[in-house]
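Numbering that gives the first Met the number 0 puts the first residue of the sequence shown at 0, with every later residue one more than the last. Beta carbons: idealized from backbone N, C-alpha and C, even for Gly. Bear in mind that the values here come from a model prediction, so they are computed numbers and not experimental data. Working notes, beginning with the structure itself.
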Amino acid sequence: MAKIIRYALATFCFAVSVGCLALWIGGNEYTAGVCPFSWCARLDGSGGLGCISIEPSPFDEKQLLYISVENTSRKMWFEDYMIAKGRFGAVDTATVFFPLWYPALVFALAGVGVIRFRRQFSIRSALIVFAVVAALLAMPLAL
Numbered sequence: 000m001a002k003i004i005r006y007a008l009a010t011f012c013f014a015v016s017v018g019c020l021a022l023w024i025g026g027n028e029y030t031a032g033v034c035p036f037s038w039c040a041r042l043d044g045s046g047g048l049g050c051i052s053i054e055p056s057p058f059d060e061k062q063l064l065y066i067s068v069e070n071t072s073r074k075m076w077f078e079d080y081m082i083a084k085g086r087f088g089a090v091d092t093a094t095v096f097f098p099l100w101y102p103a104l105v106f107a108l109a110g111v112g113v114i115r116f117r118r119q120f121s122i123r124s125a126l127i128v129f130a131v132v133a134a135l136l137a138m139p140l141a142l
């Protein structure tokens, strides 16, 4: 049973990684969101840039998922923040912006980690994981 859950989680991580890569390559403006309660988690982006925000739900009823893809302007509402603060940063306490290759890399590595978990896990594996996590945390500081 644990093997099935592990592979299902790895499949989900790889699917999200491929989705982020597809959005990174595509040039359309998009908005996707999940609104299960009175709040909404929204992903906005265009041309390799992304922004995740948590905000009150704009809908009267609960919606599990909404997606909007448009071929409109290439300038997103959070690009001025990116120019002022760099490639990674926060607009406010509930909004973060980033280049889309970053979550693609994080989810791909998470998928590999889920598959490798409980298989030949050693000190060497722990050091490699530590180095990768340190590099991922250092990227926003360097860019």
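Which of helix, strand or coil does DSSP assign to residue i?
i, result
"SER16", "helix"
"LEU99", "coil"
Can you tell me where the beta strand (DSSP E) with residue i in it begins and where it stops?
i, result
"GLY49", "48–55"
"SER45", "38–45"
Excluding sequence positions up to five away, which residues of its chain have a Cβ less than 6 Å from the Cβ of residue i?
i, result
"ARG5", "VAL113"
"PRO102", "CYS19"
"LEU42", "ALA31, ILE51"
Compute the beta-carbon to beta-carbon distance between residue i and residue j, rounded to the nearest angstrom, for a pair I have assumed lies under 8 Å.
i, j, result
"PHE96", "CYS34", "Contact doesn't hold; Cβ gap of about 20 Å is too wide."
"GLY32", "CYS39", "5 Å"
Counting only the same chain and skipping the five closest in sequence on each side, list residues whose C-beta sits under 8 Å from that of residue i.
i, result
"LEU104", "SER16, LEU135"
Which residues in the same chain as residue i place their Cβ atom closer than 7 Å to its Cβ, once the five residues preceding and following it in sequence are excluded?
i, result
"LEU8", "VAL113"
"TRP143", "The structure shown does not extend to residue 143, since the chain is modelled only from 0 through 142, so no value can be given for it."
"VAL131", "LEU108"
The stretch 5–22 in contact with the stretch 100–113 per 3-pair CB rule at 8 Å: yes
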